Amino acid sequence: MRWGRFGVTQHGRMKIKSAEFDRSATDLKSCPNWNRPEFAFIGRSNVGKSSLINMLVERRDLAMVSGTPGKTKLLNYFIVNEKWCLVDLPGYGFAKATREKRADFNEAVADYIEKRENLRCTFILIDSNLPPQPIDLDFLRWVGTVGSPFVLVFTKADKLSSTSVEKNIAAFMKSLDGWWQELPGFITCSAKTKSGRDEILEVIAESLASKKAERSSGQIADA
Ligand code: GDP
Numbered sequence: 026m027r028w029g030r031f032g033v034t035q036h037g038r039m040k041i042k043s044a045e046f047d048r049s050a051t052d053l054k055s056c057p058n059w060n061r062p063e064f065a066f067i068g069r070s071n072v073g074k075s076s077l078i079n080m081l082v083e084r085r086d087l088a089m090v091s092g093t094p095g096k097t098k099l100l101n102y103f104i105v106n107e108k109w110c111l112v113d114l115p116g117y118g119f120a121k122a123t124r125e126k127r128a129d130f131n132e133a134v135a136d137y138i139e140k141r142e143n144l145r146c147t148f149i150l151i152d153s154n155l156p157p158q159p160i161d162l163d164f165l166r167w168v169g170t171v172g173s174p175f176v177l178v179f180t181k182a183d184k185l186s187s188t189s190v191e192k193n194i195a196a197f198m199k200s201l202d203g204w205w206q207e208l209p210g211f212i213t214c215s216a217k218t219k220s221g222r223d224e225i226l227e228v229i230a231e232s233l234a235s236k237k238a239e240r241s242s243g244q245i246a247d248a
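Per the working numbering, the sequence shown starts with residue 26, numbered consecutively.
Laid out in structure tokens, this is it:
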């Protein structure tokens, strides 16, 4: 797992040649039996996840699929460049996300993040327009306890001045003080201006170039 602000360095621009909806999974058991690397996206509802996914793969309404009736609580799979998978996870909205209270939020998401071997990285979306939200911190703490690799993505960065965005990010990072030895990796982005797109694709490209995900690095003590 890498830490700190991400930049575009090694792999240059990843071209998105194709992005297709593949299937929806109801739980870990029904996830596809393949060895494609998977990159998951999650955040509370309205964080800008659909807009970000569409911006990332340059499709106007790819992530609309996930919002159609019956699909909002499912793990929605999209195959990109016939090589890797973007997994749109159901939004979270739970009170406590400690390991013991796992059942309080989507069990399928918990199982997926905790156990899915194909999962290379979860992009956890945080609204850069808001001060730190307990719901995001709770989720992050839970992810930390299971030691699954993740990158924070601060969304909608075009809406406020860059000073305000930086202030919110700094406050968020300060809330994580002491959870890990170093602060987690993060990217600031906007679906409107496309800022952050290259950085997210860089994380994916870098992971695709490496052989296997390093699970368990960056694990924090049980909450
Ligand atoms: P989701 O519920 O997380 O999938 O969020 P959506 O992608 O549907 O976005 C929620 C709202 O935020 C919509 O009104 C979007 O137009 C708006 N939004 C999403 N991303 C951005 C962004 O980068 N900049 C701005 N200004 N608005 C955004």
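Yeah, the Cβ is synthetic: ideal placement off N, Cα and C, and Gly gets one too. Everything numeric in this text was worked out from a predicted model, so none of it was measured.
Annotated three-state conformation of L226 is helix, per DSSP. S220 and C56 have their C-alpha atoms some 31 Å from each other. In the structure shown, I149 falls within a strand segment according to DSSP collapsed to helix, strand and coil. Within the chosen limit of 6 Å, ligand 1 does not reach the beta carbon of G169 with any heavy atom. DSSP links V178 through a beta bridge to L150 and I212. Burial state of E63 is buried, judged by a 10 Å Cβ sphere holding 16 or more other Cβ atoms.
Taking T51 as reference, the option from L100, I138 and G203 with the minimal CA-CA separation is L100. Remark: the shortest separation between the CB of V178 and any heavy atom of ligand 1 does not fall under 6 Å.
Setting aside the 5 residues that flank it on each side, M198 is surrounded in the same chain by L208, each with a C-beta closer than 6 Å to its C-beta; the list follows chain order.
If the five residues before and after F179 are omitted, its C-beta is found closer than 6 Å to the C-beta atoms of I151, S153, I194 and T213, all from its own chain and listed in chain order. Proximity of the beta carbon of D183 to ligand 1 is indicated: a heavy atom of the ligand is located closer than 6 Å. Inclusion of K181 and N106 in the CB contact set at 7 Å is not warranted, their separation being larger than that value.
Remark: the shortest separation between the CB of V190 and any heavy atom of ligand 1 does not fall under 6 Å.
By the 16-neighbour rule on beta-carbons within 10 angstroms, D113 is buried.
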